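**Q**
Listed below in structure tokens is the structure:
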């Protein structure tokens, strides 16, 4: 019996010791009272736990201020890795930290979390923060000397550069030694930029050096780097900042080349797939259809079939079907007793496709205005797609008010198949098409329609 009790106590002690917590303080306090903890795995976030942010106050700078506190108990089997505490769905709304079988305690400003975070518990995170501060100062010193020479080639700063270069590498070696056997070791090893051992005398050489050595310290097979935002952040830096041009066509070419370079560094096909999907999401936010098409055609579609997701491709195709630059999805209707298709229209140089409804008050105000305005634009025709539950009111209205237009009836209103293809969730919704039915504009309202057509 005594032996059984001792074993239970030992088990309980081990369990309590194995469980760790994450404690955070927000200053100033946010109105939000919730927080979700995720673990980063590859390019994805995996839910761990959630909690409430409790209102509190603390003496800060001699003044009592409102703060927010939270604490999350980690599962006993929580694995080492990068965890993300999310407290806002948009903008700067999360903090990332490393967990390696120890309690983690930190304070931060929720408006600029990563820049302000300070750790009081967690040897891993404190070491990494110290490294970032020290290495950043040393790198800035080296860069300032390099930039000074680029601005004035007569400066004699070779010795100063050499000393700064040696100091930077000495610091890097110091922290690589301090981080041995720690989870953050691969991150510290990969963080240092590859710098030229000698000062460079031209901007082109400097930029070329940065670009050509950008991936030299990055190991895309390392699981610690993969399961964090480190590699994805570096990838974004390379594609969007290192390879940047003001010229749109040149930028398009740079995007393609830089994407190809990035993906050539990744041998693991599954991880390559995840990075391609990650990049599609990044370009989706800026609606860069040309690069999204390129990512699918040249990279995603060339992955092993087992790694491709047909549903994902179909969803993305539908999502981008009506973006500027796309050919407007085709549909047919009966006009003057004959079957007509959007793609077959050839009576204008441009078309305004408007989705509207007789039950929409905004439409009943804007559609007559549009009809009047279009009389001054004989080279532009209107395709008016009415979303209705029945045809009665529409038949009467179009005969009386919409002469000279291509009038289309779409029954089942919001559930109409064409409306769903065009992702119509409000009326009126406008598209401007060229003579080949390519979408060239998506005006918000009738004033935008007029403004765009005046520029044609």
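In the working numbering, the protein residues as written are 133 to 588.
Ideal Cβ placement from N, Cα and C applies to all residues, glycine included.
Keep in mind it's a predicted model, so treat the numbers as computed, not measured.
What does residue 584 pair with, by DSSP beta-bridge criteria?
**A** Answer by DSSP bridge pairing: none, since residue 584 is not bridged.
**Q** Please list the segments of the beta strand (DSSP E) lying wholly inside the segment 366-432, counting only runs of 3 or more residues, in order along the chain.
**A** The segment 366-432 contains no whole beta strand (DSSP E) run of 3 or more residues.
**Q** Going by the CB atoms, is the gap between residue 485 and residue 460 shorter than 8 Å?
**A** Cβ distance < 8 Å, so residue 460 and residue 485 count as in contact.
**Q** Please go through the same chain and pick out, in chain order, the residues whose beta-carbon is closer than 7 Å to the beta-carbon of residue 453, but skip the five residues on each side of it.
**A** So the qualifying residues of the chain are 461 and 553.
**Q** Thinking C-beta only, is residue 225 closer than 8 Å to residue 358?
**A** No, they are not a contact pair.
**Q** List the whole-angstrom C-beta distance separating residue 538 from residue 518, where the pair is believed to meet the contact cut-off of C-beta under 8 Å.
**A** The pair is not a contact, with the Cβ atoms about 11 Å apart (cut-off 8 Å).
**Q** At which residues does the beta strand (DSSP E) containing residue 508 begin and terminate?
**A** Where residue 508 is concerned, there is no enclosing beta strand (DSSP E), given that its DSSP letter is neither H nor E.
**Q** Three or more C-beta pairs closer than 8 Å, one from the segment 174-183 and one from the segment 248-263: is that the case here?
**A** Cβ pair count under 8 Å is below three, so no.
**Q** Would residue 542 be called buried (16 or more neighbouring beta carbons within 10 Å of its own) or exposed?
**A** Buried.
**Q** Which term fits residue 167, buried or exposed, when burial requires 16 or more other beta carbons within 10 angstroms of its beta carbon?
**A** With 16 or more Cβ atoms within 10 Å of its Cβ, residue 167 is classed as buried.
**Q** Of the choices 265, 184, 201 and 329, whose alpha-carbon is the least far from that of residue 238?
**A** Among 265, 184, 201 and 329, the Cα nearest to that of residue 238 belongs to 201.
**Q** With respect to the beta strand (DSSP E) encompassing residue 265, which residues constitute its N-terminal and C-terminal limits?
**A** Segment 255-283 is the alpha helix (DSSP H) holding residue 265; no beta strand (DSSP E) there.
**Q** So what does DSSP say about residue 352, is it helix, strand or coil?
**A** DSSP places residue 352 in coil when its eight states are reduced to three.
**Q** Classify residue 187 as buried or exposed, calling it buried when 16 or more other Cβ atoms lie within 10 Å of its own Cβ.
**A** Answer is exposed; the Cβ neighbour count stays below 16.
**Q** Tell me whether residue 441 sits in a helix, a strand or coil according to DSSP, three-state version.
**A** DSSP places residue 441 in coil when its eight states are reduced to three.
**Q** At the level of alpha carbons, what is the spacing between residue 310 and residue 319?
**A** Taking the straight line from one Cα to the other gives about 13 Å.
**Q** Around the Cβ of residue 433, are there at least 16 other Cβ atoms within 10 angstroms (buried) or fewer (exposed)?
**A** So residue 433 counts as exposed.
**Q** With DSSP collapsed to three states, give me the class of residue 494.
**A** Residue 494: helix per DSSP, three-state reduction.
**Q** In whole angstroms, what is the alpha-carbon distance linking residue 281 and residue 289?
**A** Answer to the nearest angstrom: the Cα atoms are 7 Å apart.
**Q** Return the chain-ordered list of same chain residues with a C-beta closer than 6 Å to the C-beta of residue 242, the five sequence neighbours on each side being excluded.
**A** Here the set comprises 158 and 162.
**Q** Give me, in chain order, the residues of the same chain whose beta-carbon lies closer than 7 Å to that of residue 487; leave out the 5 immediate sequence neighbours on both sides.
**A** 517, 519, 551, 554, 556, 559, 560 and 561.
**Q** Taking the continuous beta strand (DSSP E) assigned at residue 192, which residues delimit it?
**A** That run of the beta strand (DSSP E) goes 186-192.
**Q** Three or more beta-carbon pairs under 8 Å between the segment 226-236 and the segment 203-216, yes or no?
**A** Enough Cβ pairs lie closer than 8 Å, so yes.
**Q** Identify the continuous beta strand (DSSP E) that holds residue 216 and give its terminal residues.
**A** Looking at the DSSP string, the run of the beta strand (DSSP E) that includes residue 216 is 213-218.
**Q** Rounded to the nearest angstrom, what separates residue 569 and residue 221 at their Cα positions?
**A** Computed Cα separation, rounded: 37 Å.
**Q** Could you name the residues of the same chain whose beta carbon sits closer than 7 Å to that of residue 335, not counting the 5 residues immediately before and after it, in chain order?
**A** Cβ neighbours of residue 335 beyond the five flanking positions: 282.
**Q** Using the Cα positions of residue 386 and residue 431, report the straight-line distance between them to the nearest angstrom.
**A** Answer to the nearest angstrom: the Cα atoms are 16 Å apart.
**Q** For the beta strand (DSSP E) that residue 234 lies in, which residues bound it at each end?
**A** No beta strand (DSSP E) contains residue 234, which DSSP labels as neither H nor E.
**Q** What residues in its chain sit with their C-beta under 6 Å from that of residue 383, if we drop five residues either side in the sequence?
**A** Counting only Cβ-Cβ distances below 6 Å, and skipping sequence neighbours, we find 377.
**Q** If you measure between the beta carbons of residue 389 and residue 426, is that distance less than 8 Å?
**A** For residue 389 and residue 426, no; Cβs fall outside 8 Å.
**Q** Using the beta-carbon count (16 or more within 10 Å), is residue 424 buried or exposed?
**A** Per the 10 Å Cβ criterion, buried.
**Q** Could you tell me whether the segment 293-312 touches the segment 320-332, where touching means 3 or more Cβ pairs closer than 8 Å?
**A** The segment 293-312 is in contact with the segment 320-332.
**Q** For residue 204 versus residue 183, is the C-beta spacing smaller than 8 Å?
**A** Yes; because the gap between Cβ atoms is below 8 Å, this pair is in contact.
**Q** I'd like to know whether the C-beta atoms of residue 525 and residue 490 end up nearer to each other than 8 Å.
**A** In this structure, residue 490 lies closer than 8 Å to residue 525 by Cβ.
**Q** Can you list, in chain order, the residues of its chain whose CB lies under 6 Å from that of residue 133, leaving out five sequence neighbours each side?
**A** Only weak support is given to the placement of residue 133: the predicted model assigns it a pLDDT of 41, under 50, and the value that follows is read from those uncertain coordinates. Nothing meets the Cβ criterion.
**Q** Can you give me the C-alpha to C-alpha distance between residue 142 and residue 253, rounded to a whole angstrom?
**A** Unreliable positioning characterises residue 142 in this predicted model, as indicated by a pLDDT of 40, which lies under 50. A coordinate reading is not provided.
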